[in-house]
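First the structure, in the form of structure tokens, and then the observations on it.
Numbering (this note's numbering), first residue to last: 690 to 928.
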């Protein structure tokens with residue numbers, strides 16, 4: 690289909706106006722540029738600009754590329770394309786993404802027992818929410834916290850949704866980390882502290898986080914700390 694020759698309809702122009710407004714609001718803080726999206730779609734930057742300005746009507750593939758990149762749902766832009774009408778009565782199972790649990794939270798690392806734990810303790814998240822947060826296409830996992838060292842932010846038994854692609858440490862964020870001691874490997878969620886370009890991790894609770902009360906240096910030679918993923922969501926029961 691040659692969309693360059695198609696004349697934009699009133700619906701196309703309305704959709705383009707919505708898209709341009711959301712692009713102006715979200716693209717920069719998500720590190721998104723017209724060049725990057727053009728490369729993904731295999732088109733020119735000029736074509737992206739024409740989509741944003743309503744000079745070229747969006748087809749469904751282009752709509753999905755924009756919404757996935759911006760972390761929004763299709764209906765934020767439009768809902769009148771033929772593919773959307775065909776996909777409208779989707780099965781409930783398609784609305785959710787099952788995220789497997791990390792067996793490390795149960796002290797398991799590999800084998801059939803670890804695989805069974807990962808599947809038995811999986812959680813389902815609504816795809817529209819994950820897409821809006823820019824997480825739908827990211828590698829995700831669920832970690833079940835143990836202990837009280839991160840109270841009141843994370844309680845014992847809370848579930849933590851992790852983005853495993855987020856390994857770059859940002860000051861103040863929460864990360865699942867792996868601490869390698871002489872005789873054991875420990876997995877836990879800790880707060881990142883970046884001081885003078887040096888990365889540290891610490892616990893939250895003064896009462897229960899004794900071992901982490903003093904921030905630990907990530908690149909310690911004796912007990913190095915490796916980032917597994919960034920905590921994106923924390924869930925648990927309130928007493």
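Just so it is clear, CB atoms sit at the ideal spot from N, CA and C, and this is done for glycine as well.
These numbers were taken from a predicted model, which means no experiment stands behind them.
The segment 701-753 is shown to contain no whole beta strand (DSSP E) run of 3 or more residues. Our two residues, residue 844 and residue 838, have alpha carbons roughly 8 Å apart in a direct line. Residue 746 sits buried, since 16 or more C-beta atoms from the chains shown fall within 10 Å of its C-beta.
Close CB contacts of residue 856 within its chain, under the 7 Å cut and outside five residues either way in sequence, are with 916 (chain order). In this structure, the straight-line span from the alpha carbon of residue 869 to that of residue 812 is close to 28 Å. Distance between residue 786 and residue 810, taken at the CA atoms: about 14 Å.
Counting C-beta pairs with one atom in each stretch, the segment 763-770 and the segment 713-728 have fewer than three that are closer than 8 Å, which means they do not touch. In this structure, the alpha-carbon of residue 877 lies about 17 Å from that of residue 860. The residues 746, in chain order, have a CB closer than 6 Å to that of residue 701 in the same chain once the five nearest residues on each side in sequence are set aside. A direct Cα-Cα distance of roughly 17 Å separates residue 793 from residue 863.
Contact between the segment 820-829 and the segment 877-893 is absent, with fewer than three C-beta pairs closer than 8 Å.
C-alpha of residue 919 to C-alpha of residue 720: approximately 18 Å in a straight line. Of all alpha-carbon atoms in 883, 866, 754 and 909, the one lying nearest the alpha-carbon of residue 729 is that of 754. A Cβ-Cβ separation of about 21 Å leaves residue 737 out of contact with residue 821 under the 8 Å criterion.
Of all alpha-carbon atoms in 858, 911, 883 and 804, the one lying nearest the alpha-carbon of residue 872 is that of 911. Here residue 900 is not near residue 889, since their CB atoms are 9 Å or more apart.
Check the Cα spacing between residue 790 and each of 865, 716 and 773: the tightest is with 865. Pairing residue 848 with residue 924 gives a Cβ-Cβ distance under 9 Å.
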